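Q: Could you have a look at this structure, given as structure tokens, before my questions?
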């Protein structure tokens, strides 16, 4: 137990060098910067989408295009992640190294790919919801499949109130859906799809 007091600590290095590289410091600074900016980019994205929708003369169409554009961007990202695996595995000359490297690649990027798939589904659902609430002939016919008619009769008091408050009701329903997504620790594509379908059904009832 007293062995540590007999060690020549003045001659033992305090650091254990794993490898030397001039890029280590630069890489560490870059990773720290990305970690600090990790919450900034999603916030900027939400602000940009919200500002575009708020300033647009046709908010439904802008929401539709935003959902499609968001899903397209996520799809490109997921494709690049999948394609990046090929040159990465080329760094390993031996088959055993390729297996180990592929397992490490998949493990590191698994949560990122799961989040990307969930966001892809969310963008599609947003675009689909914007289309279903629109005045196009296809959307009207689709809604008529559930109402049994394309033109409603004289609305009652409750339907009249819903008509006047439909914008606020939509916001409440969407916010509840967002809160549900935030409450899930690791949302998958199926989780987003189920929550989005419920939100769309409620919005469809409001319509």
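In this note's numbering, the protein residues as written are -2 to 204.
From the three backbone atoms N, C-alpha and C, an ideal C-beta is built for every residue, glycine too.
Predicted, not measured: the structure shown is a model, and the values here were computed from it.
Let's see if you can read the secondary structure: which residues bound the alpha helix (DSSP H) around residue 107?
A: 92 to 129
Q: Taking the alpha carbon of residue 200 as the point to measure from, which residue in 154, 172, 187 has its own alpha carbon closest?
A: Checking every option, the nearest Cα to that of residue 200 belongs to 172.
Q: Using the C-alpha atoms, what's the distance from residue 170 back to residue 125?
A: 16 Å
Q: Looking at C-alpha atoms only, which residue of 123, 46, -1 is the closest neighbour of residue 192?
A: 123
Q: With a threshold of 7 Å on Cβ separation, who are the neighbours of residue 127 within its own chain once the five nearest residues in sequence on each side are excluded?
A: Beyond the five residues adjoining it in sequence on each side, residue 127 comes within less than 7 Å, by CB distance, of 57, 60, 61, 64 in the same chain, given in chain order.
Q: Tell me which same chain residues have a C-beta within less than 6 Å of the C-beta of residue 121, skipping the five on either side of it?
A: Excluding the 5 residues flanking it on each side, residue 121 has same chain C-beta neighbours closer than 6 Å at 68, in chain order.
Q: What does the alpha-carbon distance come out to for the pair residue 91 and residue 85?
A: 13 Å
Q: In angstroms, rounded to a whole number, what distance separates the CA positions of residue 34 and residue 102?
A: 23 Å
Q: Ignore the nearest five residues each way along the sequence and tell me which others in residue 131's own chain have a CB closer than 7 Å to its CB.
A: 57
Q: Distance check for residue 188 and residue 177, CA to CA, integer angstroms please.
A: As the crow flies, the alpha-carbon of residue 177 is around 10 Å from that of residue 188.
Q: Quick one: residues in its chain with C-beta nearer than 8 Å to the C-beta of residue 139, no 5 flanking neighbours on either side, listed in chain order?
A: Cβ within range, chain order: 129.
Q: For residue 205, is the classification buried or exposed, using 16 other Cβ atoms within 10 angstroms of its Cβ as the cut-off for buried?
A: With the chain covering -2 to 204 only, the question about residue 205 has no answer from this structure.
Q: Roughly how many whole angstroms lie between the Cα atoms of residue 174 and residue 18?
A: Pairing residue 174 with residue 18, the inter-Cα distance amounts to about 47 Å.
Q: At 4 residues or longer, and completely inside the region 10 to 46: list those alpha helix (DSSP H) runs for me, N to C.
A: 21 to 34
Q: For residue 199, does the three-state DSSP call read helix, strand or coil?
A: helix
Q: Taking just the CA atoms, how far does residue 108 sit from residue 181?
A: 14 Å
Q: Which residue's Cα is closest to the Cα of residue 115: 79, 5, 75?
A: Nearest option by C-alpha distance: 75.
Q: According to DSSP, simplified to helix, strand and coil, what is residue 155?
A: DSSP places residue 155 within a helical segment (H, G or I) once states are collapsed to three.
Q: Classify residue 88: buried if its beta carbon has 16 or more other beta carbons within 10 angstroms, exposed otherwise.
A: exposed
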